[in-house]
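Quick notes on the structure that follows.
Residue numbers (this note's numbering): 116 to 331.
Below is the structure:
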């Protein structure tokens, strides 16, 4: 059985990714800090915990491996949050929250996986904000840049025949309704499933995605 673990699955892109893996025949485990949403398909297992807490992430993987110790695993690090604003407009606590949700959640979920599972695929939803600085984006952009640095380091540190790590840098995603200037979430989710199911002699390390301009 193929198992997809999707962080931040309670809403938005994460929930869309979870449903795409389910439709493709995977067993799906969604995680999130909030309670299970009614909109999540009942066939998807949901585990509520804060992935930015190291102990909670480690316990999640320890429990998973005790129940399913010989499965194909794909971790999709999607959890995160977004804060926009200038230096003085941004609450100082938001800098910490952005690092917790956008950086540490991915770090600890990946560390927990590698500590307990000898082989897996890891797909990270980062952002084009990680690639270059933008005005009023210091909190979110810095957290995403830290995430990029961490996972690019892991690409060098971990053998690719054991852990294939793909970093995705999407531009705007239409998670709050139709938007002709943004990527359609279901399209992105389909692409992520295709990455997870690929068995070619190569794999993608870092992919930047921009929306096609279209009329609604």
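Just so it is clear, CB atoms sit at the ideal spot from N, CA and C, and this is done for glycine as well. Quantities reported herein were computed from a predicted structural model and do not represent experimental measurements.
I think residue 139 touches residue 121, with their Cβ atoms under 8 Å apart; what is that distance to the nearest whole Å? Along the chain shown, one-based indexing puts residue 139 at 24. Along the chain shown, one-based indexing puts residue 121 at 6. That belief does not hold up - the Cβ atoms of residue 139 and residue 121 are roughly 13 Å apart, past 8 Å.
How long is the line joining the alpha carbons of residue 325 and residue 238, rounded to whole angstroms? Taking the chain shown and counting its residues from 1, one reaches residue 325 at position 210. Taking the chain shown and counting its residues from 1, one reaches residue 238 at position 123. Going from the Cα of residue 325 to the Cα of residue 238 covers about 18 Å.
Could you name the residues of the same chain whose beta carbon sits closer than 8 Å to that of residue 301, not counting the 5 residues immediately before and after it, in chain order? In the chain shown, the residue the question calls residue 301 occupies position 186. Excluding five sequence positions before and after residue 301, the CB atoms of its chain that fall closer than 8 Å to its own CB belong to 131, 135, given in chain order.
Under DSSP, the alpha helix (DSSP H) around residue 133 begins and ends at which residues? Stepping through the chain shown from its first residue, residue 133 is reached at position 18. Note, residue 133: alpha helix (DSSP H), 127-138.
What are the boundary residues of the alpha helix (DSSP H) that residue 235 is part of? Translated into the one-based positions of the chain shown, residue 235 becomes position 120. For residue 235, there is no enclosing alpha helix (DSSP H); the enclosing beta strand (DSSP E) has its first and last residue at 235-240.
Given a cut-off of 7 Å on the beta-carbon distance, is the pair residue 242 and residue 252 in contact? Translated into positions along the chain shown, residue 242 becomes position 127. Translated into positions along the chain shown, residue 252 becomes position 137. Residue 252 sits away from residue 242, with the two beta carbons spaced by 7 Å or more.
Would you mind giving the Cβ-Cβ distance between residue 188 and residue 232, rounded to the nearest angstrom? I have them listed as a contact below 8 Å. In the chain shown, residue 188 corresponds to position 73, counting from 1. In the chain shown, residue 232 corresponds to position 117, counting from 1. Approximately 6 Å separates the beta-carbon atoms of residue 188 and residue 232; this is inside 8 Å, confirming the contact.
If you draw a straight line from the alpha carbon of residue 249 to that of residue 265, how long is it in whole angstroms? To locate residue 249, count along the chain shown from 1; it is residue 134. To locate residue 265, count along the chain shown from 1; it is residue 150. One C-alpha to the other measures close to 20 Å.
Could you name the residues of the same chain whose beta carbon sits closer than 8 Å to that of residue 275, not counting the 5 residues immediately before and after it, in chain order? Start at 1 with the first residue of the chain shown, and residue 275 comes out as number 160. 318.
Out of 203, 137, 145, 141, which has the shortest C-alpha to C-alpha gap to residue 129? Counting from one through the chain shown, the residue named residue 129 turns up at place 14. Looking at the Cα atoms, 145 is the closest of the given residues.
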